[in-house]
Every structure is written in structure tokens, then in C-alpha cells.
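Structure first, commentary second.
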Amino acid sequence: KAGVTQTPRYLIKTRGQQVTLSCSPISGHRSVSWYQQTPGQGLQFLFEYFSETQRNKGNFPGRFSGRQFSNSRSEMNVSTLELGDSALYLCASSRGTSGGAGSYNEQFFGPGTRLTVL
Amino acid sequence: LAKTTQPISMDSYEGQEVNITCSHNNIATNDYITWYQQFPSQGPRFIIQGYKTKVTNEVASLFIPADRKSSTLSLPRVSLSDTAVYYCLVGDMGSSASKIIFGSGTRLSIRP
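Line by line, the protein sequences give chains A and B. Going by our numbering, 94 is the number at position 94 of the first sequence; the sequence numbering is gapless. Our numbering runs 1000 ahead of the 1-based position in the second sequence.
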């Protein structure tokens, strides 16, 4: 089956602008999570959506927001871009529900969107 | 959430067996140990996951001692294509992605 897709793959913006990134999960997956990856901070959890509801949120300012649609596709928005927002933004999908003791809710990652803020 | 410690980098040669050890002294009873692999400009990819003793799949083995305070990822007969960053994750990953914390990872370089 098709993997996680993210669009666009590359994006260049200037400070103060806003940006919207899109993620299409694997068919049947109800959970979509977003991560920011930078050389200095590594891979950091932004938020997770499950059945159109934000289930968890990482330690990021309110400029970072997201949403999930009824078909499980998700978008992430960053407003008032700062230079430090330059990063690889990764989306991951999973079943989102525990399969019981001993199960693992594997995260399948997309290729990411490389955002550069000038 | 258990913190993990792993070497920042490792070097090896093609055909060798590579063992990457991860320390997780504060692992909880419900926590699983999971390893991901990441190539440049790609998302991480699941390699292997285990709870105790030994787990083996087609690409790697995972060794977990009885106290579960550490684990070792073993890559048999590495090739150049195994050059990547390897992340050790510890947590109760039954449902929510927020319980997944990626550390700094180990940058593995394989030489011809």
C-alpha cells in the first residue's frame, strides 16, 4: 500500500510569512503526528491528531498549529515564521490505537518537507 | 518517559557486525525498546522492537538483558547502505505518538 506522503517537499519562505504543510497518511491509519527536525535540537514531537482531534501536543509555541480532516489527512500551519523555524518537518501515521498487550503502534514516517526561512 | 543514552557516532567496515548499545536506566515496566533508522533527508524507518531477551528479524537483532537497563542493536554484515543515524527509543508505545522521544541518535558510518 502507498506510504505517507507530504507536500510540498521543499519550501522557501521569508520571516513573518505563514506556511501550511500537508500530510496524507497510510490508508486506514487514523493517527497523524508531526515532528520538527533540526541539526541542533534533533527530532522533536510537535503534535498528534487522532480522529480529527488533537490528542497530544509537544512543547512548541502557539504559532504552530494543525488540524486533521475526516479522511485522516492532516495539515500543519506555522504563522509568523522565524529563522529558527527552518527545519525538516516530518509527518508520521499510525493506527493510533493499542492492539493490546505486547502490541506496538508503529509510526510510519513520510519523506518530510524541508522548510527554509530567509 | 525513560531517557536514553547512545554513542554519538560509530565507524565500521563493510562485512563487519556492528553493535550499538543504548542505556535506559529508568525504563518502566510497560516500556518497550524500539530502534529506528534514518537516512539523510528521509523520515525515520522502524527497524526492530523488543521487550526483553532477544528479538531477531530480517535486518537486525536486538539484545535486552534481564534488568532491561540497556539494549544492543546488532547489524550483521553491514554494507555501505547501512550508513545512517540510528535512534533508540524507550516508552509505552501502545497508542500515542507523544510517548515517542527521539534522542540524539548514533551516526553510523560504514567504510569500504
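We put the beta carbon where it would ideally sit given N, CA and C, even for glycine.
What distance in whole Å lies between the Cβ atoms of residue j and residue i, which are believed to be in contact at a cut-off of 8 angstroms?
{"i": "B:N1026", "j": "B:K1003", "result": "6 angstroms"}
{"i": "A:G16", "j": "A:T80", "result": "6 angstroms"}
{"i": "A:C91", "j": "A:Q36", "result": "About 11 angstroms separates the two Cβ atoms, so there is no contact after all."}
{"i": "B:E1017", "j": "B:P1076", "result": "5 angstroms"}
{"i": "A:I26", "j": "A:F108", "result": "6 angstroms"}
{"i": "B:S1104", "j": "B:I1008", "result": "6 angstroms"}
{"i": "B:S997", "j": "B:T1021", "result": "Residue 997 of chain B lies beyond the stretch modelled for chain B, which goes from 1001 to 1112, so this question has no answer here."}
Tell me where the beta strand (DSSP E) around residue i begins and ends.
{"i": "A:F45", "result": "G42 to F50"}
{"i": "A:L81", "result": "Run containing A:L81: none; DSSP gives neither H nor E here."}
{"i": "A:K13", "result": "Y10 to K13"}
{"i": "B:D1011", "result": "S1009 to Y1013"}
{"i": "B:I1110", "result": "T1106 to R1111"}
{"i": "A:T5", "result": "T5 to T7"}
{"i": "A:R114", "result": "T113 to V117"}
With DSSP collapsed to three states, give me the class of residue i.
{"i": "B:D1082", "result": "helix"}
{"i": "A:K57", "result": "strand"}
{"i": "B:V1059", "result": "coil"}
{"i": "B:N1030", "result": "coil"}
{"i": "A:Q36", "result": "strand"}
{"i": "B:Q1049", "result": "strand"}
Going by the beta-carbon positions, is the gap between residue i and residue j smaller than 9 angstroms?
{"i": "A:S94", "j": "A:E106", "result": "yes"}
{"i": "B:S1061", "j": "B:I1110", "result": "no"}
{"i": "A:G112", "j": "A:G3", "result": "no"}
{"i": "A:T38", "j": "A:A87", "result": "yes"}
{"i": "A:S31", "j": "A:E48", "result": "yes"}
- Message: To be precise: take each residue of the stretch 46-61 of chain A, compare its Cβ to all Cβ atoms of chain B, and keep it if any distance is under 9 angstroms. Which residues remain?
- Response: F47, E48, F50, R55, N56, K57 and G58
- Message: Please list, in chain order, the residues of the stretch 1052-1083 of chain B that have any C-beta partner in chain A closer than 7 angstroms.
- Response: none
- Message: By the 9 angstroms beta-carbon criterion, what residues does the stretch 64-75 of chain A contribute toward chain B?
- Response: Going along the stretch 64-75 of chain A in chain order, one finds no residue with a Cβ nearer than 9 angstroms to chain B.
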